[in-house]
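K.L.:
Everything in the sequence shown is counted per our numbering, starting at 573 for the first residue and increasing by one.
In this text, a Cβ means the ideal position worked out from N, Cα and C, and glycines have one as well.
Note that the coordinates shown come from a computational prediction; the quantities given were computed from them, not determined experimentally.
Following this message is one structure expressed as structure tokens.
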Amino acid sequence: MKDLIRRAAEDLMGAKRAVALTGAGISVESGIPPFRGSGGVWERIDPMEYGHIETFEVNPGRVWRGLIQELKDIIDRASPNDGHRGLARLESMGLLDAVITQNVDGLHQAAGSTDVLEFHGNCAWQRCMDCGEKVKSHDVDVSTLPPRCLCGGVFRPDWVFFGEDIPPMTLQRSQQLAMRCDLMLVVGTSAVVHPAAYMPVIARDTGARIIEINPERTPLTGTISDYLIRGGAGEVMNALIAELEGMK
Ligand code: NAD
Ligand code: ZN
């Protein structure tokens, strides 16, 4: 791993426009289980079914009880880990322009990253399905589920359910970043949820170097990515920052 850390540090130093794409894996060390891989709440329910907009529309109370409330509680208790902090540090060192994240937990912003594109929205806000009113999640009364707006409409998280489109502005800017970057760090994503998983492909097609950080291989490994640094996000980011600081 040491050689790859050195190589990644040199690649970052040589890059002019680096961006990161992150997935649920970067938040695992903060106690938030990913959708795929062993362990965690999703072995009990199928996130693809529960997380689908049609399932929510048919029975919002069931989805609130089975998925949203549980994920919200876990996220409320979570704080950033060395993986999030490492990416924020790269930004402050002038080595990373932006973070495109698939996560809905807000932990990149909490760690200090200032340009975060929330590809799948976030869990911090709820939106009324009828009148569109947006309310901070903390201020929503969840004593009966699904929670309802004053107008009587059902509140839904301001995230992107499976089956919904990515917010157009976010998609457009992510594509631009992917097209213009010369290095993409892909951290903790299984790279199977589209169109997020397509961002490294765009970056690769326009000549960027792609570095993966993940304990496991992904469909990008050996095809789209130049190399995989195998390990947890926190451990790898710590080693990378130490290497970069030693190079200054
Ligand atoms: P995923 O659940 O499909 O895959 C997680 C990936 O993280 C796997 O490749 C796994 O090998 C890797 N991983 C596990 N532990 C790791 C660690 N310590 N460090 C680095 N990598 C690690 O995640 P995904 O690709 O992001 O897709 C799931 C979708 O579900 C996303 O679109 C996301 O919106 C949503 N989701 C979000 C959260 C969150 O906000 N934290 C949590 C669960 C799911
Ligand atoms: Zn309303």
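1. Mind listing which residues have their beta carbon within less than 5 Å of any non-hydrogen atom of the ligand ZN? Chain order is fine.
2. Taking the straight line between their C-alpha atoms, what separation do you get for Q674 and L722?
3. May I have a chain-ordered list of the alpha helix (DSSP H) segments no shorter than 4 residues that lie completely inside the region 675 to 753?
4. Less than 6 Å between the CB of E621 and some heavy atom of the ligand NAD, yes or no?
5. Is DSSP giving A811 helix, strand or coil here?
6. If you check the beta carbons only, do I801 and R776 fall under 7 Å apart?
7. For A763, name the three-state secondary structure that DSSP assigns.
8. Using the C-alpha atoms, what's the distance from R781 back to L816?
9. With a threshold of 6 Å (Cβ to nearest heavy atom), would T761 be considered close to the ligand NAD?
10. Which whole runs of the beta strand (DSSP E) in the region 764 to 795 are 3 residues long or more, in chain order?
11. Just tell me which of A769, T761, Y770 has its CA closest to the CA of P787.
12. When the Cα of G638 is compared with those of V712, M751, P619, which residue comes out closest?
13. What first and last residue would you give for the beta strand (DSSP E) that runs through I647?
14. Quick check on F573: does DSSP put it in helix, strand or coil?
15. For I625, which of helix, strand or coil comes out of DSSP?
16. What is the residue span of the alpha helix (DSSP H) that V635 lies within?
17. Assign M665 to one of three DSSP states: helix, strand, or coil.
18. Relative to the C-alpha of G803, which candidate in V764, M771, G779, V758 has its C-alpha closest?
19. Give the DSSP bridge partners of V600, in chain order.
20. Between the C-alpha atoms of P729 and V676, what's the straight-line distance to the nearest angstrom?
21. Give me the residue from S715, T716, W731, L755 with the minimum Cα distance to M701.
22. How long is the line joining the alpha carbons of T790 and E615, rounded to whole angstroms?
23. Of the choices P772, P719, V712, whose alpha-carbon is the least far from that of V635?
24. Identify every residue that forms a DSSP beta bridge with A670.
25. Going straight from the alpha carbon of L588 to that of T716, what length do you get?
P.N.:
Result, derived from the coordinates:
1. Working through the chain, the matches are C700, D702, C703, E705, C721, C723, G725.
2. What you label residue 674 is simply residue 102 of the sequence shown in a count that begins at 1. What you label residue 722 is simply residue 150 of the sequence shown in a count that begins at 1. Rounded to whole angstroms, the gap between the alpha carbons of Q674 and L722 is 31 Å.
3. The region 675 to 753 contains these whole alpha helix (DSSP H) runs: 679 to 683, 740 to 752.
4. Taking the sequence shown and counting its residues from 1, the one referred to as residue 621 is at position 49. Answer for E621: no, Cβ out of range of the ligand NAD.
5. Residue numbering aside, residue 811 sits at position 239 when the sequence shown is read from its first letter. In the three-state scheme derived from DSSP, where H, G and I count as helix and E and B as strand, A811 is classed as helix.
6. Residue numbering aside, residue 801 sits at position 229 when the sequence shown is read from its first letter. Residue numbering aside, residue 776 sits at position 204 when the sequence shown is read from its first letter. By the CB criterion at 7 Å, I801 and R776 fall outside the cutoff.
7. Taking the first residue of the sequence shown as 1, we reach residue 763 at position 191. Coil, per DSSP.
8. Here residue 816 refers to the residue found at position 244 of the sequence shown. Here residue 781 refers to the residue found at position 209 of the sequence shown. Rounded to the nearest whole angstrom, the CA to CA distance from L816 to R781 is 18 Å.
9. For the purposes of this step, residue 761 is taken as the residue at position 189 of the sequence shown. At least one heavy atom of the ligand NAD is nearer than 6 Å to the Cβ of T761, so yes.
10. Runs found: 781 to 785.
11. Translated into the one-based positions of the sequence shown, residue 787 becomes position 215. Comparing Cα positions, the closest option is T761.
12. Residue mapping note: residue 638 aligns to position 66 of the sequence shown, counting from 1. Checked all of V712, M751, P619; the closest Cα to G638 is P619.
13. As a working mapping, residue 647 is identified with position 75 in the sequence shown. Taken as a continuous stretch (DSSP letters only), I647 belongs to no beta strand (DSSP E), being part of the alpha helix (DSSP H) at 641 to 649.
14. Residue numbering aside, residue 573 sits at position 1 when the sequence shown is read from its first letter. This sequence places Met at residue 573; Phe is not what is there. Reduced to three states, the DSSP call for M573 is coil.
15. Indexing the sequence shown from 1 puts residue 625 at position 53. Helix at I625.
16. One-based indexing of the sequence shown puts residue 635 at position 63. V635: member of the alpha helix (DSSP H) spanning 632 to 635, first to last residue.
17. Locating residue 665 in the sequence shown gives position 93, counting from the first residue. The three-state secondary structure of M665, taken from DSSP, is coil.
18. As a first step, residue 803 is located in the sequence shown; it is residue number 231 there, counting from the start. Residue nearest to G803 within the set V764, M771, G779, V758 is V758 (criterion: CA-CA distance).
19. Start at 1 with the first residue of the sequence shown, and residue 600 comes out as number 28. Answer by DSSP bridge pairing: none, since V600 is not bridged.
20. Within the sequence shown, residue 729 is the residue found at index 157, counting from 1. Within the sequence shown, residue 676 is the residue found at index 104, counting from 1. When rounded, the separation of the alpha-carbon atoms in P729 and V676 is 10 Å.
21. Within the sequence shown, the letter at position 129 stands for residue 701. Checking every option, the nearest Cα to that of M701 belongs to W731.
22. Residue numbering aside, residue 790 sits at position 218 when the sequence shown is read from its first letter. Residue numbering aside, residue 615 sits at position 43 when the sequence shown is read from its first letter. Looking at the two C-alpha atoms, the distance is approximately 20 Å.
23. On the sequence shown, position 63 is the one that residue 635 refers to. Selected option, being the one with the closest Cα: P719.
24. Sequence index remark: in the sequence shown, residue 670 carries index 98 (1-based). Paired residues: V591.
25. For the purposes of this step, residue 588 is taken as the residue at position 16 of the sequence shown. For the purposes of this step, residue 716 is taken as the residue at position 144 of the sequence shown. Residue identity differs from the one stated: residue 588 is Lys in this sequence, not Leu. Rounded to whole angstroms, K588 to T716 spans 51 Å at the Cα level.
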